[in-house]
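Structure first, then comments.
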Amino acid sequence: MKKLLFITLSVTVLLSLCAFGAGAYENEDWYSGLEGTTINVFNWGEYISDTYEDGMIDVNAEFEKLTGIKVNYVTYESNEDMYPKIKNGGASYDIVIPSDYMIQRMIAEDMLLGIDTGKLPNYHYISEEYKNMYYDPDNAFSVPYNVGMVGLIYNTKMVEEKPDSWTALWDERYAGKILMIDNPRDAFAIPQKVLGYSLNSTDEKELSDVAQMLIEQKPLLQGYVMDEIYNKMESGEAALVPYYVGDFVCMKDVNPDLDFVYPKEGVNIFVDAVCIPKCAQNYEGAIKYINFLLDPEIGVNNALYIGYATPNTGVMEHPDYAEMKDNEYLYPSEENMPDVEYFRNLPQETLDMFSSLWNEIKIHGTDNTHIYLGFAAVGAVALFFIIKKAVTKKKREYWYNFPEVK
Amino acid sequence: MAKKSLSKKLIASPYLVWAGIFIIVPLVIVVYYSFFDANGNFTLEYVSEMGKYKDVMLNSIWLGFIATVISLVLAYPLAYIMARSTANVQRTMMMLVMLPMWMNLLIRTYSMMILMQDTGIINSFLERIGLDSVHMINTQGAVVLGMVYNYIPYMILPLYSIMAKMDHNLIEAAEDLGANKVTVFKNIILPLSLPGIASGFTMVFVPSVSTFYISKKLGGNTFSLIGDVIEMQFKSANNYNLGASLSLVLMVLIIICMMVMNRFTGEDDDGGVLI
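Protein chains in written order, with this note's numbering: chain A, 3 to 408; chain B, 2 to 276.
Right, dumping it as structure tokens:
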């Protein structure tokens, strides 16, 4: 048995050596010199190719093999989850992949180290379209990783007609089958679009209207979720959810009944880009990692695995990517292109308002009458026993002290 | 009490250091964050916000209480039967109680979610055999079930250990004196097992009230428990002050609940005639 295992292993190793052996990546020599060091990578969940199954490659394992740098890989669920971990210190990460508005905030708060893109041999692959973006006008802090939009995922078997508007998420016919995205910025964006507000509104009145709409939606919801969306949509547990396009592309492979639409009110578009936070301890290793992610061979694996649109021209031209390039969801043609709006960093007061409104939405709607009644009943029973105990004790004392007994 | 010898002090010191670092210091930090803002000024702002969270807290305490009572009702007879069985049966039953605890709480809860979904294993089975499916997930009942399932071993174990130690002669003596089964239970078994009930109650009630993962997965996150709100403050809202004051208030409320509980099982009582 052991022998068999050994043979299988060696064959696997040999095969992988053949497939990705010498010369698989560009400028392999450039990566040497940091053997034995470690980098800590902090990335979104489900956001990198991490398996050798189905002809994919494990990007981190390949990087370790090529450079001799050990990769510690940790994931987060949203920009808002990632931010406090970097901000409050206590952890050291060399690579982090926030979205546009969060990069803008992190630059403003001096949390990122500069990246000299001239030193990245593969930087020329980044499409001009995604250079000099508003959040990083001089390309000094970030290197684009993925591009995506938020749209409406629905199950064609469960939804009667093809939805074209975000208001489908308020449709009572689908009560109990609607999921909502569980982070404030993305959740607020949907009523904002329905009401025709900007995604970057700082107006108090507008934000409270938006919160009101979310509170109204709450009784119809099955839940607020992030990564469980995969399980719930693929199994047909839920019918409608607003989510990122790339994840839809992955889910559709599992459940072909799912479909996706960019609602007519407009959607949020985002760029996630690789950055090096100030707490980095292996800056050079991080630079090598960024360049590795830009390698077309790696990029195409990532793009196929995670299903988002790529800003990498090397990937677009790669033969393995030919099929994905025409994907109408990822790269909508001009006439199908929805109205898009980027998130921008907001002033602190607005962010505070966001979190307090989000709190209110989350705690809203607990009907407590039965609880008060319940506590009253428990209290009454408790009181009864306390009194009874006291009475028994008194009685007993009386008999203990009874003169004739003594 | 005799003065503690040096060796005793030495033996206790690792735990004292541990308690200092991992219990006292964090508590001090919680109190600090509750009463001081980011600039280090004393403020009552965060604690005064608590009124808003009154309903969530009450709901959490209520669900925790129900889960604890259900656990007690289920665990008590089981512990009694276990304690009265032969050694072999005891070992097997103990094993069965402990077995689920070898798996991580998160995994157990996640699998419960998959079991109870509308398209989950239980409902698919019901439909297969021609019954109507039952909506279970995303209700408060599902959350209570999750709490009971996850924490019931903590109720069984203290009850079992106290019942195994119980002096059987007392029961026999009572029976010799003509007490029927109900009287024996009421006057002997129940009073003697009160310390077990008290510690089981604490060990189930406290984690149930402050849980967040269970309500998130089984309650669909549409109604929050206080644990969810606290988690959110630390995880994404980045509002440590509010999170700390919520935790502090929750701790005080739990202590009050425990004090009420101890009125019934207090050590000052000489037992026997409590109920």
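Note that beta-carbon positions come from the ideal geometry of N, C-alpha and C, so glycine has one too.
Owing to the predicted nature of the structure, the values given are computational and were not obtained by experimental measurement.
Item                                                                                                                    : Value
Segment limits, alpha helix (DSSP H) that includes Asn304 (chain A)                                                     : 298-308
DSSP three-state assignment for Glu343 (chain A), whether helix, strand or coil                                         : strand
Boundaries of the alpha helix (DSSP H) in which Trp168 (chain A) is found, first to last residue                        : That residue, Trp168 (chain A), is in no alpha helix (DSSP H); it is neither H nor E in DSSP.
C-alpha distance - Asn270 (chain A) paired with Thr169 (chain A), whole-angstrom precision                              : 16 Å
Burial state of His320 (chain A), where buried means 16 or more other Cβ atoms lie within 10 Å                          : buried
Of the listed residues B:Gly121, B:Met117, B:Leu247, B:Leu127, nearest to Ala143 (chain B) (C-alpha basis)              : B:Met117
CB of Leu201 (chain A) within 8 Å of CB of Glu343 (chain A), strictly                                                   : yes
Sequence-distant residues of the same chain with beta carbon closer than 8 Å to Ala24 (chain A), five excluded per side : Caution is warranted here: a pLDDT of 47 is assigned to Ala24 (chain A), below 50, making its placement in the model unreliable, and no coordinate value can be reported.
Helix, strand or coil at Ser200 (chain A) according to DSSP, with G and I counted as helix                              : coil
Host alpha helix (DSSP H) of Gly150 (chain A) (start-end)                                                               : Premise fails: Gly150 (chain A) lies in the beta strand (DSSP E), 145-157, not in any alpha helix (DSSP H).
Lys220 (chain A): contacting residues in chain B (beta-carbon distance under 7 Å)                                       : Thr223
Rounded straight-line distance, which links the Cα of Asp259 (chain A) to that of Lys159 (chain A)                      : 6 Å
Chain B contact for Gly367 (chain A) (CB, 8 Å cutoff)                                                                   : yes
Contact list for the stretch 297-308 of chain A against chain B, Cβ threshold 8 Å                                       : none
Within 9 Å of chain B by C-beta, residues of the stretch 99-113 of chain A in sequence order                            : none
Neighbour flag for Phe265 (chain B) against chain E, beta carbons, 8 Å                                                  : Here chain E cannot be found, since the structure's protein chains are A and B.
Boundaries (first-last residue) of the beta strand (DSSP E) holding Ile271 (chain A)                                    : 269-276
Nearest-angstrom Cα separation, counted from Val212 (chain A) out to Pro279 (chain A)                                   : 33 Å
Bridge partners - Asp261 (chain A), DSSP secondary structure assignment                                                 : A:Tyr156
Rounded distance between the beta-carbons of Glu230 (chain A) and Val256 (chain A), thought under 8 Å                   : 14 Å between Cβ atoms; not a contact.
Cβ pair count under 8 Å reaching 3, the stretch 87-101 of chain B against the stretch 193-209 of chain B                : no
Chain-ordered residues of the stretch 231-243 of chain B with a beta carbon less than 9 Å from chain A                  : Met233, Gln234, Phe235, Lys236, Ser237, Ala238, Asn239, Asn240, Tyr241, Leu243
Short CB-CB distance (under 8 Å) between Gly91 (chain A) and chain B                                                    : no
Meets three-Cβ-pair contact criterion under 8 Å: the stretch 218-230 of chain A and the stretch 219-230 of chain B      : yes
Of the listed residues A:Ile389, A:Trp360, A:Lys364, A:Val302, nearest to Val61 (chain A) (C-alpha basis)               : A:Val302
Boundaries of the beta strand (DSSP E) in which Trp19 (chain B) is found, first to last residue                         : Careful: Trp19 (chain B) lies outside any beta strand (DSSP E), inside the alpha helix (DSSP H) at 7-20.
Classification of Met96 (chain B) by the beta-carbon crowding that lies within 10 angstroms, buried from 16 upward      : exposed
Closest by C-alpha distance to Ser51 (chain A), when choosing among A:Ile97, A:Met339, A:Ile308                         : A:Ile308
Environment of Asp471 (chain A) [buried if 16+ CB atoms lie within 10 Å]                                                : Past the edges of chain A, shown from 3 to 408, lies residue 471 (chain A), and the structure says nothing about it.
Sheet register partners of Ser101 (chain A) (DSSP bridge)                                                               : A:Asp274
Neighbour flag for Trp63 (chain B) against chain A, beta carbons, 8 Å                                                   : yes
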